[in-house]
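S.K.: Under the working numbering, the very last position in the sequence shown is 1483; numbers go up by exactly one each time. Glycine included, every Cβ here is placed at the ideal spot set by N, Cα and C.
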Amino acid sequence: MIPPIASRFVAGESPATALEHVRSLNERDIKAIVNLLGEHYDSRSPAEADAAEYRSLVRDIANSRLDACISVKPSQIGLDLGDDVFRALLEEIVEEAAEHDVFVWIDMEDHTTTDVTLDAYESLAREYDGGVGVCVQANLKRTEADVERLADVPGKVRFVKGAYDEPAEVAYKDKAEVNRVYRELLEYAFEHFDGGIAIGSHDPEFIEYGIELHEEYGTDFELQMLMGVREDAQDELAAEYEMWQYVPYGGRWKSYFYRRMMERKENVLFAARAILGR
1206 MIPPIASRFV
1216 AGESPATALE
1226 HVRSLNERDI
1236 KAIVNLLGEH
1246 YDSRSPAEAD
1256 AAEYRSLVRD
1266 IANSRLDACI
1276 SVKPSQIGLD
1286 LGDDVFRALL
1296 EEIVEEAAEH
1306 DVFVWIDMED
1316 HTTTDVTLDA
1326 YESLAREYDG
1336 GVGVCVQANL
1346 KRTEADVERL
1356 ADVPGKVRFV
1366 KGAYDEPAEV
1376 AYKDKAEVNR
1386 VYRELLEYAF
1396 EHFDGGIAIG
1406 SHDPEFIEYG
1416 IELHEEYGTD
1426 FELQMLMGVR
1436 EDAQDELAAE
1446 YEMWQYVPYG
1456 GRWKSYFYRR
1466 MMERKENVLF
1476 AARAILGR
């Protein structure tokens, strides 16, 4: 069983526990982006198994009439085995999702995967009339050009700062520089996109900036945050704006939980209080 400390950030090990969490979110007017934990497989069988579970999850979401979608990592469904494996398994998932009117996000991983991920997104978003989304990372120097390319693609784009430790030749390393680029990318999107903008951030500064851009340009947008992080703020924002929570689940929860602990000192303090029973 997942320890109580980790259960703040991970919605159990099974699809059933994840969907029960989704149901509780929907009661709070928060929608869910459900992710089966897993990445970087070196054989085809676990990639195919996860792809099959995503297709089953799509059917469960549709049958339960929950306000939820799914999010898939490329390396989870075969990218390390070859672009063709990734594209084939992703298309199976997207086809199933389209049949059940469930949206599919494609997560972005390190910079070596950007081209194949964007190519897959653009192709599938056009084929399935916008039922697919992708993530772009402000810390990558190429992202401005990528966002311009994606402006007329009929899908959704999630804007994040970027969490991977990328080499300096491809990424901005200064935090202030990343923040500047993130603001510029958001402004470009609100000015040039027809909608489909997702602000993936817990930073109040950028959430407020997105709201200001929405008021200025009138472009539709949504907010996205992780399960277990700033949940009070998620409830407050859901009262006025479209709020989505990224909900991970599955047996591979340990590495994900430890990453969450290392990202924010607030998360470490939460864990310490839980251990001490406070």
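Would you mind reading off the limits of the beta strand (DSSP E) that contains Ile1412?
M.R.: Translated into the one-based positions of the sequence shown, residue 1412 becomes position 207. Note, Ile1412: premise wrong, no beta strand (DSSP E); alpha helix (DSSP H) at 1409–1422.
S.K.: Return the chain-ordered ranges of every alpha helix (DSSP H) run that is complete within the stretch 1358–1398 and spans a minimum of 4 residues.
M.R.: 1380–1397, all fully within the stretch 1358–1398.
S.K.: Just mark Pro1485 as buried or exposed, buried being the case when its beta carbon has 16 or more other beta carbons within 10 Å.
M.R.: Past the boundaries of the shown model lies residue 1485; the chain is included only from 1206 to 1483, so the question cannot be answered.
S.K.: Going by Cα to Cα distance, which pick from Asp1234, Val1358, Glu1314, Val1352 is closest to Gly1335?
M.R.: Position 130 of the sequence shown, counted from the start, is the residue given in the question as residue 1335. Per the Cα distances, Val1358.
S.K.: Touching or not, the stretch 1439–1452 and the stretch 1234–1242, by the rule of three or more beta carbon pairs under 8 Å?
M.R.: Contact between the stretch 1439–1452 and the stretch 1234–1242 is present, because at least three Cβ pairs lie under 8 Å.
S.K.: Just checking my contact of Leu1284 with Thr1318 at CB under 8 Å: how many whole Å lie between their CB atoms?
M.R.: One-based indexing of the sequence shown puts residue 1284 at position 79. One-based indexing of the sequence shown puts residue 1318 at position 113. Indeed they touch by this definition, with Cβ atoms about 6 Å apart.
S.K.: Who pairs with Ile1404 in a beta bridge, going by DSSP?
M.R.: Taking the sequence shown and counting its residues from 1, one reaches residue 1404 at position 199. In the DSSP output, where bridge partners are listed per residue, Ile1404 has Phe1364, Leu1428.
S.K.: How about Val1362 and Phe1398: are their beta carbons less than 9 Å apart?
M.R.: Indexing the sequence shown from 1 puts residue 1362 at position 157. Indexing the sequence shown from 1 puts residue 1398 at position 193. Going by C-beta atoms, Val1362 is nearer than 9 Å to Phe1398.
S.K.: Could you compute how far the alpha carbon of Leu1431 sits from the alpha carbon of Asp1289?
M.R.: Indexing the sequence shown from 1 puts residue 1431 at position 226. Indexing the sequence shown from 1 puts residue 1289 at position 84. Roughly 30 Å separates the two Cα atoms.
S.K.: Output needed for Gly1482: all residues of its chain with C-beta closer than 6 Å, excluding positions within five of it in sequence on either side, in chain order.
M.R.: Locating residue 1482 in the sequence shown gives position 277, counting from the first residue. Unreliable positioning characterises Gly1482 in this predicted model, as indicated by a pLDDT of 45, which lies under 50. The coordinate reading is nonetheless provided below. Contacts found: none.
S.K.: At 3 residues or longer, what runs of the beta strand (DSSP E) sit wholly inside the stretch 1271–1297?
M.R.: Listed in chain order, they are 1273–1277.
S.K.: Let me know the alpha helix (DSSP H) ranges lying completely inside the stretch 1236–1273, each 4 residues or longer, listed in chain order.
M.R.: If we require 4 residues or more, the alpha helix (DSSP H) runs fully inside the stretch 1236–1273 come out as 1249–1269.
S.K.: From Asp1315, Arg1270, Asp1351, Leu1390, pick the residue whose C-alpha is nearest to that of Asp1324; which is it?
M.R.: For this step, residue 1324 is matched to residue 119 along the sequence shown. Looking at the Cα atoms, Asp1351 is the closest of the given residues.
S.K.: Quick one: Cα of Ala1343 to Cα of Ile1275, how far?
M.R.: The count along the sequence shown starts at 1 and reaches residue 1343 at position 138. The count along the sequence shown starts at 1 and reaches residue 1275 at position 70. If you take the alpha carbons of Ala1343 and Ile1275, they lie about 23 Å apart.
S.K.: Under a Cβ-count criterion, where at least 16 other Cβ atoms within 10 Å of its own Cβ denotes burial, should Gly1456 be classed as buried or exposed?
M.R.: Here the question's residue 1456 lines up with position 251 in the sequence shown. By the neighbour-count rule (16 or more Cβ atoms within 10 Å), Gly1456 is not buried but exposed.
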